[in-house]
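Per the UniProt record's numbering, the very first residue in the sequence shown carries number 1; after that it's consecutive. Every residue, glycine too, gets a C-beta built ideally from N, C-alpha and C. Small disclaimer: the values here were computed from a predicted structure and weren't measured.
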Amino acid sequence: MADTTADKEAAHEKLSRSSMESASSTQKKKPGGNETFERLAVFGLLANFMVYLMIELHLDLVHASNIMNIWFGLTNFSPLLGAYISDAYVGRFKTIAYASFASLLGLMVVTLTTWIPNLHPPSCTPQQLVLNQCEKASKLHLGVLFLGLGFLTIGSAGIRPCSIPFGVDQFDPTTEEGKKGINSFFNWYYTTFTVVLLITQTAVVYIQDNPEGSIFSGMAQVLVAAYQKRHIQLPPSEETIDGVFYDPPLTGSAAFSKRPLTNQFRSLNKACMILEGELNPDGTRVNKWRLTSIQQVEELKCVVSIFPIWIAGILSLISMAQQSTFTVSQALKMDRHLGPKFQIPAGSLTVISFLTIGLWIPFYDRVLVPPLRNFTKHEGGITPLQRIGIGMVFSIISMIVAGLIEKMRRDSANANPNPLGIAPVSVMWLAPQLILMGMCEAFNIIGQIEFFNKQFPEHMKSVGNSLFSASFGAANYVSSIVVTAVHGATRREKHPDWLTNDINEGRMDYFYYLIAVIAALNLIYFIYVARRYRYKGSVILNVHDDDVELPSRKQ
């Protein structure tokens, strides 16, 4: 009787535990939002951070650039410490919870620096800003700002290395459905947050800048006006005729970088040609959709000329998208032990790339840029396009190295079979490809940020910066298309496809080589469009409350 009662109690306890696990599993099927919002905070701040440091805190270019680079590098370096604390002491859930609270504190502190007058220097006029006569941020102002950035870094340290393994933990790898869920998780994990980041960051920076009128309607006006005047004959390109093109004065308390009229995409110049009856007696336009200014025309030309570079930037990030997916799959089939007791979490290996970025950027900025600047006479040492191109080369090398290492791992696993399919190869063999990918990020991504920031029209810089996130989002979509195509095209009746669930039977090395070929072709395309790109020219004018006539001149 006692045995029967004990059996019933044991069965009841087992059933209760099973129900709790089932409920817990059900509740955990929707992970991932924590890192999405953490990166939204960091990259949303990053988009306008340079503008904030220079315009609101009145820091000089070098000082602001150093603060931005050091903070961004530290934020990428910090996940190494967060991963160690999570695995050795706290656990993933608590680490993410504490880090999320730190991110909240960081955003609150940074917000207070803009809201409370005593936490930022007084505003100044555009004239004072140009003449460097503004009151600089004090030690108190910078101290409070650094405190907020420190909390944000702590948040990144805890959230970034833990989110992927914490998300993978929600799936049961012993079931077919769980295996499929894990494979899909890696793709959708990165894609979803980049899409959200793209949409929200674009809206956030638009609200931050609060431009007068829609920048996109201005570009649409140029296209409509140029089409309506498509039959009008332009004057010879070598002639400059006063009064032919609409070049109104700038008004308002703002400083614009005035772009002169150029012959690039010359047919668009028709949009700013003045025809009879298109001007009011006071010199204003009768219809904005019939006549646009030189400034509007040149801004549209700028955006159009940047577009091919942006396309090349998207394709260059495809190899980077593999870092958080297939690299983790490789790590799961390798020896992850460091010593007899410690095992490296597969998802934490990406901190090697963060570590590379955190170490390389300060070295590059402090050690390499000064001599490069003296040699090339360029303020950044090398141009943004050169920096992007170097990053593309690193991505190609990274994929080739990844393919070679995967072949070695696969051959070793098949030569030494075991029930778990783990190759007797240290997971640290993945470090070279991750280091190379970190170098790719340090050159390519920062190069893209610099390029978009410098080449977009002044009042559209935030939109230009948001293209960085758009590049990531589009690259992940393209990567998903490539993965799906390879999965379907390489499947044979008696042979598994390259990207089968059991990577010891697949040929992931071939996939890496394919990505390297795509990256190489993209590099050729990038060199072609980059050699034909002309960096924007401008006439920098200080604008006061009075109207200032902006004359047009050749670039």
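Residues bridged to residue i (per DSSP)
i      : result
Asp335 : Ser426
Arg285 : Leu279
Phe342 : Leu338
Phe245 : Met273
Residue i vs residue j beta-carbon contact at 8 Å
i      : j      : result
Met334 : Val427 : yes
Gly73  : Gly358 : yes
Ala402 : Tyr510 : no
Ser329 : Gly438 : no
Lys301 : Gln264 : yes
Val529 : Ile382 : no
Thr500 : Leu430 : no
Glu177 : His58  : no
Ser348 : Pro496 : no
Ile388 : Leu436 : no
Ala99  : Ile159 : yes
Leu234 : Arg266 : yes
Ile306 : Cys272 : no
Met320 : Glu406 : no
Arg410 : Asn476 : no
Residue i at chain B interface by Cβ criterion, 8 Å
i      : result
Gly158 : Chain labels in this structure do not include chain B; a single protein chain is all it has.
For residue j and residue i, believed in contact at Cβ under 8 Å, the rounded distance
i      : j      : result
Thr292 : Ala225 : 5 Å
Ile527 : Gln322 : 23 Å between Cβ atoms; not a contact.
Thr113 : Val144 : 6 Å
Phe443 : Leu467 : Between Leu467 and Phe443 the Cβ distance is about 17 Å, and since that is not below 8 Å, they are no contact.
Gly421 : Ala415 : Incorrect: roughly 12 Å between the Cβ atoms, too far for contact.
Leu80  : Met68  : Contact flag wrong, Cβ pair sits at about 21 Å.
Contact test: residue i Cβ vs the ligand NAD heavy atom, cutoff 7 Å
i      : result
Glu276 : As for the ligand NAD, it is missing from this structure, which has no ligand bound.
Rounded straight-line distance, which links the Cα of residue j to that of residue i
i      : j      : result
Gly447 : Pro384 : 5 Å
Glu450 : Asn76  : 18 Å
Val286 : Leu275 : 11 Å
Ser138 : Asn66  : 17 Å
Gln228 : Ala220 : 12 Å
Tyr364 : Met408 : 33 Å
His487 : Ala157 : 34 Å
His231 : Thr262 : 20 Å
Tyr535 : Lys454 : 9 Å
Gly82  : Thr95  : 8 Å
Asn269 : Ser471 : 30 Å
Val244 : Glu298 : 16 Å
Leu355 : Tyr84  : 13 Å
Lys341 : Pro424 : 17 Å
Ser479 : Trp498 : 15 Å
Ile518 : Gly339 : 39 Å
Asp502 : Ile400 : 21 Å
Ser78  : Trp71  : 10 Å
Ala331 : Leu140 : 46 Å
Pro249 : Phe456 : 21 Å
Leu368 : His63  : 17 Å
Pro260 : Ala97  : 53 Å
Cys124 : Gly218 : 29 Å
Trp289 : Pro122 : 40 Å
Asn418 : Asn522 : 40 Å
Tyr246 : Asn280 : 12 Å
Thr350 : Phe146 : 26 Å
Pro370 : Lys377 : 10 Å
Pro362 : Leu107 : 25 Å
Leu404 : Leu434 : 14 Å
Ala474 : Gln133 : 43 Å
Ile311 : Pro432 : 28 Å
Arg531 : Thr484 : 34 Å
Gln296 : Val110 : 35 Å
Glu21  : Ile445 : Only weak support is given to the placement of Glu21: the predicted model assigns it a pLDDT of 40, under 50, and the question is left unresolved by the model.
Trp360 : Ala489 : 39 Å
Checklist entry - If you pair each beta-carbon of the stretch 375–394 with each one of the stretch 309–316, do three or more pairs fall below 8 Å? => result A contact between stretches requires three or more CB pairs, one per stretch, nearer than 8 Å, and the stretch 375–394 meets this requirement with the stretch 309–316.
Checklist entry - Is there contact between the stretch 150–157 and the stretch 111–118, where contact requires at least three CB pairs shorter than 8 Å? => result The stretch 150–157, when compared against the stretch 111–118, does not touch it at the 8 Å Cβ threshold.
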